[in-house]
Amino acid sequence: RKKLDITASIFGAEEEAFRRPSGIASGPDGRLYVADRTKVWVIDLEKGEFSFIGESSGPGRLMWPMAVAVSADGRLFVGDVLLDRVYIYDTEGRLIAAIGHEGEFDSPSGLAIDEKLRRLYISDTKKHYIKVYDLDTYKPIMTIGKKGSEKGEFNFPIGITVDRDGLVYVVDSANFRVQVFDPDGKFIRSWGEVGDRPGMFSRPKNIAIDTEGHIYVVDMAFQNVQIFDKDGQILMAFSSGGSEPGYLNMPFGITIDKNNRIYVTENLGRRFQIFQYLGGEVK
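Whatever position you read off the sequence shown (first residue = 1), add 18 for my numbering.
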């Protein structure tokens, strides 16, 4: 087991203010993308600069972006839960494609990318399943799950991520668990139940994996992040409710970059915080 030490810092903009930040993703160039109601923030922390995608009129204008993901070649994928489509933008913020005909989605709230298998995973919260598309052609490949509480079924799935082996992890929010699938959509395992003890969930929202395979799950009600090993064993949790640095106010989104910096958005805190996994063996 590893020791997970955490330090924290906060980002906020003076000229603009977050409204309800939700999904967050780290791009290959280090820029951050934050979904925030009617637009996506593009933030360069090193340069201290930010811009927006999806706020201008015309094709590609966003109404309520909630999920974001970035491919290795810099394409930005945005799930809009009001327009019920997934929009794809190039590195300059120009719309290049969209996924979702009328009725295809009903709240695309989670996105994940598998670069090796060239797949895009879309978690449809209100349709209670995961749609899988080709990452380059945007053609559908398969559907995983249906509404229910049995193994492989979902009740309002939201967050989704993929590990280095191609396993797919889904936050099955109203079933209060995380479910794991292989690349063919076959159920592998799950963990979690409703409750207030470590390893249980109340309002789980999003999920991410660090470079060592630790799995991080954001819980909006607990106002913390729980960390699990690949088998679903709880390792630790960090934070609790509050507005001071290191505390969370209704956390929602999470992403982890290649340096194991952990970014967590706060829906009511109107900010994101940066935590650092330091590693080290447990004594």
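Positions of the beta carbon are idealized from the N, C-alpha and C atoms, including for glycine.
Beta-carbon to beta-carbon, Ile225 and Thr179 are separated by about 5 Å, close enough to satisfy the 8 Å threshold.
Take the alpha-carbon of Pro83 and the one of Val188: they are about 19 Å apart. Secondary structure at Ser127: strand, using DSSP grouped into helix, strand and coil.
One alpha carbon belongs to Leu113, the other to Gly121, and they sit about 21 Å apart. In terms of CA proximity to Ile227, Asn278 leads the group Asn278, Gly92, Trp59, Asp54. Contact annotation, Ile245 with Met254: C-beta distance approximately 5 Å; criterion of less than 8 Å satisfied. Looking at Phe70, Gly184, Ser208, the one whose alpha-carbon comes closest to that of Pro201 is Gly184. In this structure, DSSP gives Ser191 a helical state, which the three-state scheme calls helix.
Residues Ile245 of the same chain have their beta carbon placed closer than 6 Å to that of His232, with the five preceding and five following residues left out of the count. Residue Pro39 holds the alpha-carbon nearest to the alpha-carbon of Ala85 among Leu135, Pro39, Gly48, Gly78. Per DSSP, Leu253 is one residue of the beta strand (DSSP E) stretching across 252-256. If you draw a straight line from the Cα of Arg37 to the Cα of Gly287, it comes to about 9 Å. In terms of CA proximity to Phe219, Arg195 leads the group Leu80, Arg195, Tyr105. When C-alpha distances from Phe290 are compared across Tyr156, Leu296, Tyr265, Gly111, the shortest belongs to Tyr265. For Arg137, the enclosing beta strand (DSSP E) stretches over residues 137-142. Val282 sits away from Gly297, with the two beta carbons spaced by 9 Å or more.
DSSP, read as helix, strand or coil, puts Met218 in coil. In this structure Val58 is not in contact with Phe68, their Cβ atoms being roughly 11 Å apart against a cut-off of 8 Å.
Taking every protein chain shown into account, the CB of Ala87 has 16 or more other CB atoms within 10 angstroms, so this residue is buried.
DSSP places Asp228 in no beta strand (DSSP E); its state is neither H nor E. For Ser69, the uninterrupted beta strand (DSSP E) segment begins and ends at 67-71. In the assembly as shown, Ile206 is an exposed residue. Its beta-carbon has fewer than 16 other beta-carbons within 10 Å. The beta carbons of Ser125 and Lys145 sit closer together than 9 Å.
The alpha-carbon separation between Val243 and Tyr234 amounts to approximately 6 Å. Here DSSP, grouped into helix, strand and coil, assigns Gly260 to coil. Taking Lys223 as reference, the option from Asp214, Phe240, Ile117, Glu230 with the minimal CA-CA separation is Phe240. In chain order, Phe240, Gln241, Asn242, Tyr265, Leu266 place their CB closer than 8 Å to the CB of Ser258, counting only its own chain and leaving out the 5 sequence neighbours on each side.
Here Phe172 is bridged, per DSSP, to Lys165. The Cβ atoms of Thr143 and Val99 lie closer than 9 Å to each other.
Linking Phe95 to Leu129 through their CA atoms gives a straight-line distance of about 8 Å.
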